[in-house]
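Residue numbers (UniProt numbering): 1 to 185. Beta carbons are placed, not taken as given, at the ideal position from N, Cα and C, and that holds for glycine.
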């Protein structure tokens with residue numbers, strides 16, 4: 001059991017029968033009255049975000065989330081296929097479960113499949129990926145006092161902003177959490 005006074009960002013708990021992840025928390029000690037914990041929690045199954053307050057002494061059970069490394073194989077229409085590289089079991093997930101998680105992921109790359117009691121609720125891509133630029137405008141040198149950017153389309157079809165010196169065919173390192181360009185490879 002985890003008390004509300006011990007909340008940390010990213011913790012997963014069972015609150016009122018729902019599996020929730022703490023996005024933000026703040027310990028508040030008002031001048032008058034008892035202290036409390038103000039939180040922003042996300043229901044990991046439905047994706048809804050709610051703000052709630054708790055007394056620091058309230059306790060909740062920790063939710064057991066299973067994260068399994070699986071290889072992304074291919075997509076077929078609305079279904080995305082993954083394989084466990086140890087047991088060679090394959091699963092198919094629909095696009096509602098996937099969301100934007102595979103925007104920067106190529107086929108045959110490893111991802112983490114998150115499930116609760118056997119029900120898959122999300123896919124976590126690798127933190128950093130290396131992708132090739134398939135389309136971008138040529139960069140023009142000029143009066144650029146600040147870091148000017150231009151749009152570039154990557155081999156997965158995603159579009160990101162890159163510096164002017166990036167050309168078609170360059171391999172880039174991308175942060176999948178923010179979708180930002182990090183460096184050339």
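Within 8 Å, strictly: CB atoms of residue i and residue j
i	j	result
residue 21	residue 38	no
residue 162	residue 171	no
residue 156	residue 104	yes
residue 28	residue 36	yes
residue 136	residue 149	no
residue 58	residue 3	yes
residue 164	residue 139	yes
Residue of the options minimising C-alpha distance to residue i
i	options	result
residue 100	68, 80, 18, 61	80
residue 94	173, 65, 122, 11	122
residue 69	52, 102, 126	126
residue 177	168, 169, 160	160
residue 169	147, 10, 110, 130	130
residue 18	87, 42, 91	42
residue 112	65, 32, 78	65
residue 61	1, 89, 174	1
residue 118	133, 128, 167, 63	63
residue 40	92, 7, 91, 107	7
residue 5	23, 47, 24, 55	55
residue 134	31, 110, 151, 182	151
Assigned secondary structure, residue i (DSSP; H/G/I helix, E/B strand, else coil)
i	result
residue 95	helix
residue 4	helix
residue 16	coil
residue 64	coil
residue 102	coil
residue 149	strand
residue 130	strand
residue 78	coil
residue 52	strand
residue 109	coil
residue 165	coil
residue 40	strand
residue 23	strand
residue 119	strand
| field | Stretch-stretch touch, CB-based, cutoff 8 Å, three pairs: the stretch 69 to 80 with the stretch 12 to 21 | value | Contact between the stretch 69 to 80 and the stretch 12 to 21 is absent: fewer than three C-beta pairs spanning the two stretches fall below 8 Å.
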